[in-house]
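Protein sequence lines correspond, in order, to chains A and B.
Under the numbering used here, the first residue of the first sequence carries the number 101, and numbering increases by one thereafter.
Under the numbering used here, the first residue of the second sequence carries the number 2, and numbering increases by one thereafter.
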Amino acid sequence: MIFNKDYTKIIYLYKKITSIASSNIREKQLLYEIHKSKLFKFGLFIRLFLIIFCLPYIQKIWFLEFINNSLESLSINPWQAHLNAGGDIKAFPYGYIMYLFYLPLTTLGWLLDKLLNLESFARFGFGITTLIFDYGILLGIIRLLKNYSSKLLLIAYWCSPVIIYIFYWHGQIDVLPVFFLIYGLSLLQKEKTHLAGIFLGLAISSKFSMLASIPFIFIYLVRNKRLKNKLNIFFASIFITYFFTILPFIKSNSFQLMVLKNSETEKLFSVFISYGYDIKLFLLPTIYLLSLYLVWRLERINLDLFLISIGLGFFSLLLFLPPSPGWFAWIMPFLVYYQLRSKDHYLLSTLPFFFIYLTYNLLYSTGADISFINIPTELPLQKLFGFNNSKLKSILFTGLQATGLIVCARMYLFGIVRNNYYRGFGDKLAIGISGFIPDYINDIFKSFENLFGPRSISFLEVSDYKKSKNHNYLQASKSLLNPNSYNLSRLTKDLYLLADGKSILQNINNSVRKIESYDFIFINGIHSLTIKRLRQRLDLKIFFEIDKELDDYFFTKNNKNNSYAFISKSEKKEFNNYQESQFKYSDLSFKISPVNSNILKTKEKIVIPKLKLFVKMANGFFHEELIHSLISLCGMHIDVEQTSFSDDVYLCIEGEATKEDINQIANILIPNLEDLLICNPLWENGYKGLIQLIILVHISNLLYKASSSKNYV
Amino acid sequence: MFKKINSLKNLDKPDAVIFDTDNTLYEYAPANKKAEEAVERKVKALLGVNSKLYRNTYAQSKKEIKKQLGMTASSHSRLLYYQRFLEILGFKAQLMTALDLEQTFWRTFLANAPLYPGVIKLLDYLRSKNILIAIVTDLTSHIQMRKLTYFNLEETFDAFVTSEEIGADKPDYRNFELVLNKLGLTKKNNIWMVGDNPYTDIIGARSIGATTFQKINNLEKIGEGKYMPDFAFSNFDDFQNNIINFIN
């Protein structure tokens, strides 16, 4: 029974921990798979073994010594206590947050050591703290990745010799700021900007170099329509967190000496090209600014490129700094993210880099003392074996930087390709919507601004191109149903101008209106597919039809009696011919019909009858997935008609779908949807939402097809 | 984990394997929890009903429906629960709201109900060995069909039986007899039954002489006494690894 109770507690604790990594059940299942994996157990075993049997040299002489001094003196200013005890000035160049998070378990161990007269438990406590945040980074990466191979993730991060070397053999503690950074970024992605800001503030507070990520985050937020309006909250959270965590010691001389003026800061200006006459070009700021510029010039940045760009920013620091093994921990999560997203590049581009990194650092950096071997393994191997070959050192260093540069280049190119997942057109995407469309339906197209965001669509209305303001005096035609009543060549010209990125001026009712060129151009109205040159520039041609039985519900009598009424039978026939030809040219067509036409015949006043939607679309595209989702998630009724000789498929969709249903199906049908839409897109209910969904799948497919046909690498 | 519980039972290649659905092919509780939370939020937004009142009233409506309908498929109907819930709160016959809440429930439920790892692999394997596979499940046919469609299993099974067809939930033997009938088999054939519930699945399957396998999830206990299965397993990979020799 006791065992059962404990077991229940363990399961409860496990569920709590996994809920930190993910609130999504599917993700939790993947996490469960990771925990069950032999690779995870192997990585954990290695870590525990190293924590128990090895004491990294820098932890022994610096970090543990520092905490020990602060505990011995019971001072709230650990830096002062350390210096008072005659400790090394380089021992703890980190903020108070780093100290606070490492303190509890180390203190517990320190007390046990005092009690048992040992010198083991404090270092176990210190090591376990590292392990906890190391595991936290793994959870953070999982939160950032939506689909991932658990095996590859464990190989790339959990079992990575580089990670194990940095945190458990060399003994660096950058694990904490990296954890805060990664977790902050995952929160930012989930739009929890307050929390993300707090985590980023903690990251910078624990290690100031994390500040290097902030300009990249700023660019991402400015370029991201979803998160742009949360910029202020995010940066305010960072500032307040940093301010309050750094404030208590800012005036302390010991803190200033050990943290703010530490020798590591000097490294930033240690690599330069001399121009003579005492003029130096510092390489690090130059390269860092260049990498910032490369990201800044991109109009839109998706999550992949954003994360990769932060990794590149850190990489640029590392490549132009004297080697500092622990700092490579900053780039590892981003490198892992890149490796997992771009499986093809994994082995070729990163393994040589990892191999040279380990060789170089094992030879020239300090290691750890192994408790059961009487050899000074904490010394760099070069010293241990007593050889000193400066040429070999330089060759290895050159190899390290060269392979690092190659990894950077691959990461950047991959990021650009991924960033262009939906940006393949390079220019604008033009969509023509034709048919005799009532205003009620017309709103659907306007509602795309609720999905793509404001200032994303340029709308052109065919009706704004009437040749005469007063249809009674038309010269070319007597009715507005005739294409000759419109200046379609002007419309075409305007479309081409907008597509070229130029704004246009429209003169409507003696007032001039400026239309800016945005990512999408929607041309809407009867005859928008009539002329060939116009059609040629349209990327997606949509035809819209309303069942004649519904005319009374969608068109007011005024309209019918006025401009849109047929004057003669021949004119009606002519108009129908135009409509038929436009239907023929369309890639996608919709028809709205009443579910039960008998009800309409009773002439009782029904505001909006129950409707069904007919859709004509390309066969073999996505209709099967659409049907699948509509039936299983919304319980809708769908008839499919497709002949073996036809390129098109006809769907008849009946039933009620809510905007939440549409949102869920969109997430299933459209890959990387968040790259395409704004934060919290507003979908429509019912058949309007279905029309939005079907058009959006077509748009995403067009954008993807264009991007995949371009060779960026 | 794969355990033999009944030492007298030996495994032979089956003619058919019958599966329960809920909590056997996927984990029911987390999906149900997420779905109920989504409905709770919607009720609060639409009707201004607070969480405590919602939970108490919902529990009452569920109890009343179950008492009224007994062990039938409709007794699990969320639509009836929400209809009664609205009635208890004095909203009378708000049919559209009841339908909306039901749709919210199932949409959220399905989005949070991934199949257990190894299910697809096992079903493919059984089909490749020409072993018939079937579903016997409680609840109404419409929602169970929607679930299987969502899992992309709509064309996987040779037979599909819900308690709605019989008019009584498992362990009513008629559910199991009907599935045998649909498969064209009799009690003399070697049938395996895989399910999570010792009361409904294990007892029920015994009425057709099936070899029973209990799927153990998290901290669930293996059935004891008359509810004791012949075998128990915790994941489908272990299940498949242990039955492969007998099937080959």
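Positions of the beta carbon are idealized from the N, C-alpha and C atoms, including for glycine.
Residue-chain proximity (residue i, chain B), Cβ-Cβ < 7 Å
i, result
"A/Leu793", "no"
"A/Gln439", "no"
"A/Gln129", "yes"
"A/Asp761", "yes"
"A/Gln815", "Nothing in the structure corresponds to residue 815 of chain A, since chain A is present only between 101 and 813."
"A/Asn661", "With a pLDDT of only 45 at A/Asn661, under the threshold of 50, the placement of this residue in the model should not be trusted; the figure read from the coordinates follows. Not one chain B Cβ lies under 7 Å of A/Asn661."
Proximal residues of chain A, C-beta to C-beta of residue i below 8 Å
i, result
"B/Thr150", "His728, Ile731 and Ser732"
Residue-level contact to chain A via CB, residue i, 7 Å cutoff
i, result
"B/Asn243", "no"
"B/Pro230", "no"
"B/Ala17", "no"
"B/Arg207", "no"
"B/Ala99", "no"
"B/Leu140", "no"
"B/Arg147", "yes"
"B/Arg79", "no"
"B/Pro115", "yes"
Span of the beta strand (DSSP E), counted from its first residue to its last, around residue i
i, result
"A/Glu645", "Leu640 to Ile646"
"B/Val18", "Ala17 to Phe20"
"B/Ala135", "Leu133 to Thr138"
"A/Pro694", "Leu688 to Pro694"
"A/His737", "His737 to Glu741"
"B/Trp193", "Ile192 to Gly196"
"A/Gln606", "Ile604 to Ile608"
"A/Tyr750", "Asp748 to Glu754"
Partner residues on chain B for residue i, Cβ-Cβ distance less than 8 Å
i, result
"A/Glu133", "Pro118"
"A/Gly786", "Per Cβ cutoff of 8 Å: no residues; A/Gly786 is ~12 Å from chain B at best."
Within chain B, the residues that residue i reaches when beta carbons sit closer than 9 Å
i, result
"A/Leu754", "The question names Leu, but residue 754 of chain A is Glu in the sequence shown. The contacting residues do not exist; A/Glu754 stays about 15 Å from chain B at best."
"A/Gly789", "Chain B residues near A/Gly789: none, gap ~13 Å exceeds 9 Å."
"A/Gly284", "Here the premise fails: no neighbours, minimum Cβ distance about 26 Å."
Residue i: first and last residue of the uninterrupted alpha helix (DSSP H) it sits in
i, result
"A/Arg555", "Per DSSP, A/Arg555 belongs to no alpha helix (DSSP H) and is neither H nor E."
"B/Arg56", "Ser52 to Leu70"
"A/Arg613", "Unbroken run through A/Arg613 is the beta strand (DSSP E), Ser611 to Ile615; no alpha helix (DSSP H)."
"A/Phe201", "Tyr196 to Leu216"
"A/Asp761", "Lys759 to Leu769"
C-beta contact flag for residue i and residue j at 7 Å
i, j, result
"B/Asp170", "B/Thr25", "no"
"A/Val371", "A/Leu390", "no"
"A/Tyr618", "A/Ile533", "no"
"A/Ile189", "A/Met358", "yes"
"B/Asn233", "B/Ile6", "The question names Asn, yet the displayed sequence has Ala at residue 233 of chain B. Their beta carbons are under 7 Å apart, which means B/Ala233 touches B/Ile6 by this criterion."
"B/Ala46", "A/Gln764", "no"
"A/Lys367", "A/Leu418", "no"
"B/Thr150", "A/Ser732", "yes"
"B/Tyr228", "B/Ile192", "no"
"A/Arg510", "A/Ser449", "yes"
"A/Leu463", "A/Leu481", "yes"
"A/Glu674", "A/Asn624", "no"
"A/Glu478", "A/Gly486", "no"
"A/Arg243", "A/Ser286", "yes"
"A/Leu276", "A/Ser306", "yes"
Within chain A, partners of residue i - CB distance below 9 Å
i, result
"B/Leu111", "Ser732, Leu733 and Gln764"
"B/Gln61", "Near B/Gln61 there are no residues of chain A at all, since even the closest Cβ is about 27 Å away, more than 9 Å."
Chain-ordered neighbours of residue i on chain A, where CB pairs are closer than 7 Å
i, result
"B/Arg108", "Leu733, Glu760, Asp761 and Gln764"
"B/Thr157", "Neighbours of B/Thr157 on chain A: none; closest Cβ ~14 Å, over 7 Å."
"B/Gln95", "The contacting residues do not exist; B/Gln95 stays about 15 Å from chain A at best."
"B/Gln69", "Ordered by position in chain A, no residue passes the 7 Å Cβ test against B/Gln69, which lies about 24 Å from the chain."
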